[in-house]
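In order, the protein sequence lines correspond to chains A and B.
With the numbering used here applied, the first sequence corresponds to residues 4 to 344, in that order.
With the numbering used here applied, the second sequence corresponds to residues 2 to 280, in that order.
The beta-carbon is built from N, C-alpha and C at its ideal position, and this holds for glycine as well.
This structure is a prediction, so every number in the text was calculated from the model and none was measured.
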Amino acid sequence: MEKELKILKYSDLSKLIERFHAKGFPVLAPVRKGKVVEIELVESLGDIALDVLLSTQSAKKTAFPKVEKVLKYTLAKSGVTQHPVDPDTARETILFGVRPCDASGFKSLDAIFGEAPGDQFYLKKKEKTAIISFSCPEADEYCFCTSVGGGPGNTAGSDLQFTGIGKDEIFVEILTEKGKQIAAIFADLLSDSPAGIDKTKFLADVKVVFDSDKVVENTSASFNNAALWLEQSLRCIGCGACAFVCPTCACFDFQDEQNTKQGVRLRLWDSCGFSLFTLHTSGHNPREVQSQRWRQRIMHKFSYMPQQLHVVGCEGCGRCSRACPVDMNIKEHLTAIAQVG
Amino acid sequence: MEQQNIYQPYLMEIEKITEEAPMVKTFRLKFTNEEEGNNFSFRTGQFGEYSVFGEGEVTFCVASPHTRKGYIECTFREAGRVTTELASLNEGDTIGFRGPYGNIFPIDDWKGKNLLFIAGGIALPPMRSVIWSCLDQRDQFKDISILYGARSVADLVYKQELEEWKERPDVNLVTTVDPGGETPTWKGDVGFVPTILDRMKPVSENTIAIVCGPPVMIKFTFPVLEKYGFSDDQVFTTLENRMKCGLGKCGRCNVGKVFVCKDGPVFSRTQLKDLPDEY
C-alpha cells in the first residue's frame, strides 16, 4: 500500500498505550531491568525505555521464544498419549518502540520458518504481531545497519514507524494494512503531515563502513581461507552469546522434560558456535574447531542464506559485538572480509 | 489442510524387534492410528525422526523398502542417549515417528542399468531399503551386485537377508570382514571394502554405484570407482549429519548452501564435490 504520513504529539503517546490495552492488545516494549533492557509486557508509557539505543536482546522472542513447548504427552503402562499443542494461541500483540533493525530482522526469520512446511509456532505469532518501530536518533560505534542495506530510518518490517521531529512532534509513517488498522485506534490523535518533512534530518548518522555485496561475494569465495577464519576467531570461546542476542539467528534444539507420568518437548534457542552443535554420536564432528564454527556463523548469514533464501542474515544491529565477552567486533571482521582479495 | 504442528510425530507400535548384531537392533513399526498408516507413503532414501517420549528424537533412514506397505523398519546401534533408551524398549511399546523427510534415491532413473551397492558396517540399513526396493521389481534392472563389509563376522547386520541374497541367482553378493574379524567358519572375504572392490574389478559401463559407509571407507572407495571409470554422476551416497528438525530449519545439518535433511540425504558424487568438507 501507499504509505500514509501523519503527525502525532509526544504528549499523546501515553494515550496510545492506554487505547491498545482498552482494545485488548498486550503491548511489548523495551523495559529497563537493572543493567539490561528486555522486551516485556508493559502497563503504561512510563514502563517503556524509549531513550535506550537498543534492547539487550533482539525482539525475535516475540515470535520465536527462547523456550517453547511443541509437544505434550502422558506416559502410562497402556502407552503414550499425545495432547495436541496448538501453535495458534497468541493474542494480537503490539510490539512498540523497537528499532528498525529489530523490525527488519524478522525478514530472515520469516524466510526460515515460512519455507514449506511452514512453522506455525512462529508464523502465527508473527502474523499476530504489529510492529511500531522508533527510528534511531542516535547510534553507537557498534551499529552498522547502513552497511547491510538498512538504516536508522529503515521501514522494512515495520507496520508503523515513529520519528521524533522537534520537541513535541512525532512523524508517523503508516506502512502496511496492519499498520493502518492499528493507526485507526488513535486516528483522532493524528493530524495530517505537512508536505516536505525530511525525516533523515532527525536520524543518526550511521556511516557505511563496508560493501555488503562485497562481503557476500568474498565470503562465498573464502571458505578455504583457513587463515582468515582462524585469525578472526582465535579468541572466540564459543559461548554463543552472539546468537542469543541476534535478531536473525534461528537455530534451535529440542529437549524433552518429563516426570514419570507426563512430559513435554521444548524447542530452545541454539547456536552454531557451540562445539556440541554438530557433534555426531560416533565422536565425529564436521565442525571440530572454533574457527570452523565462526566461519559457519559468517558463511550462513552472508553466503548460504542469500543463496537459499535470498536474504542476508544480518541487520547490522551490532548486538553480537556488544554482547561478546572477548570483544570480537563483527563490524571489523566484516570490513576485513570485504577487503579480502 | 496445512499441518498445524510440524513437530508432532505419529505414534508407532513396536511390532517386532530383531537382534541384528551386538548392540544393533531392527524395529518393525506400525502406525497405531490405522488411517495415518494408510495415508503414509515414502520413497527409498528418505529418513525420519524417531522419538522416545521423555528422551528425545534420533535420526535414522527408513530401512525397509517403499515397495512394502503397512509398516516401516529402522535399524540402529545403541550408542547415544536416545538409542540407548530405544534399545531398552519391548515389542508392543510406543514410540514416535516424524517423516518421511528428505530426497530419494532416483531408482526410476536407474532402470535398465547394472547396480553396484557398496556398504560398510551399520550403513547397510539405508542401502537395504534401496536393495529391496530394486529387488522387488527385479526385472527392471540388469546385474545387481552387493559388496558388504563389517569389522567382524558378528558385526554383520541382516544376517538372514545376506543368506537370502547369497542364494539368489540374480544377485551377486560379496561379504567381507576386516582382517582379524573373521571366525574359523567364515566363508566370505577378509579385507577392507576398497581392497575387495578393487579385486572385483567393477565394470562401470551402464552401472550405478551406491556407496554408504563410515567416512574413511567412502574416502578410499571413491578412488577405486574412479580407477574403473565410474563418472561422478554414476556414484551416489547418503549423508548423515546431526539433525533435530529434519525440515531445514534448526540449522544443524547445514553443509554449504544445502541442508542434508532437506536437500539430501541422497547426493550424487557430482553434488558432493560441490559441497564443502563439513559432513
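8 Å Cβ cut-off: residues of chain B touching residue 169/A: Ordered by position in chain B, no residue passes the 8 Å Cβ test against residue 169/A, which lies about 45 Å from the chain.
Boundaries (first-last residue) of the alpha helix (DSSP H) holding residue 309/A: 308 to 312
Exposure of residue 176/A, with buried meaning 16 or more beta-carbon neighbours within 10 Å: buried
Cβ-based neighbour list, residue 240/B, same chain, cut-off 7 Å, excluding 5 preceding and 5 following: 261, 265, 266, 268, 280
Top-ranked residue by Cα proximity to residue 245/A, from 276/A, 256/A, 227/A: 276/A
Neighbouring residues, chain B, relative to residue 92/A (Cβ below 7 Å): Here the premise fails: no neighbours, minimum Cβ distance about 11 Å.
Burial state of residue 4/A (16 or more Cβ within 10 Å): exposed
Within-7 Å CB hit, residue 311/A to chain B: yes
Simplified DSSP state of residue 40/B, which is helix, strand or coil: helix
Limits of the beta strand (DSSP E) - the one that residue 75/B falls within: 73 to 78
Partner residues on chain A for residue 152/B, Cβ-Cβ distance less than 8 Å: Those within 8 Å of residue 152/B in chain A number zero; the least Cβ separation is about 13 Å.
Residue of 285/A, 78/A, 293/A minimising C-alpha distance to residue 123/B: 285/A
Residue 80/B at chain A interface by Cβ criterion, 7 Å: yes
Residue 290/A burial status per 10 Å Cβ neighbour count (16 or more: buried): buried
Beta strand (DSSP E) runs contained entirely in the segment 55 to 95 of chain A, provided each spans 3 or more residues: 70 to 79, 82 to 85
Chain C contacts made by the segment 246 to 262 of chain A, where a contact means CB separation under 8 Å: In the structure shown, chain C does not exist; the protein chains are A and B.
C-beta contact flag for residue 12/B and residue 84/B at 7 Å: no
Outcome for residue 1/B when other beta-carbon atoms lying within 10 angstroms are tallied against a minimum of 16: Because chain B here runs from 2 to 280, residue 1/B falls outside it and cannot be looked at.
Close-in-space but distant-in-sequence residues of the same chain around residue 125/B (CB under 7 Å, 5 per side omitted): 149, 158, 159
According to DSSP, residues forming a beta bridge with residue 126/A: Answer is none; residue 126/A lacks a bridge partner.
Buried or exposed by the 16-neighbour rule on C-beta atoms within 10 Å, applied to residue 89/B: exposed
The segment 52 to 64 of chain B contacting the segment 38 to 45 of chain A, beta-carbon criterion three pairs below 8 Å: no
Residue 69/A and residue 267/A closer than 7 Å at C-beta: no
CA nearest to the CA of residue 337/A, picked from 115/A, 223/A, 67/A: 223/A
Contact with chain B by residue 203/A, beta-carbon distance below 7 Å: no
Enclosing beta strand (DSSP E) for residue 208/B [first to last residue]: 208 to 213
Integer Cβ distance of residue 9/A from residue 278/A, believed to fall under 8 Å: With 8 Å as the limit, residue 9/A and residue 278/A do not qualify as a contact, their Cβ atoms being about 51 Å apart.
Where residue 176/A falls: helix, strand or coil (DSSP): strand
Any C-beta of chain A under 7 Å from that of residue 219/B: no
Check whether residue 66/B and residue 130/B have beta carbons under 7 Å apart: yes
Buried versus exposed, by CB contacts within 10 Å (16 or more), residue 270/B: buried
Residue 135/A vs residue 163/A beta-carbon contact at 7 Å: yes
Contact set for residue 288/A: own chain, Cβ-Cβ below 8 Å, skip 5 residues either direction: 278, 281, 282
7 Å Cβ cutoff, residue 226/A in contact with chain B: yes
Where residue 176/B falls, given that 16 or more other Cβ within 10 Å makes a residue buried: buried
Coarse secondary structure for residue 242/A, derived from DSSP in three states: coil
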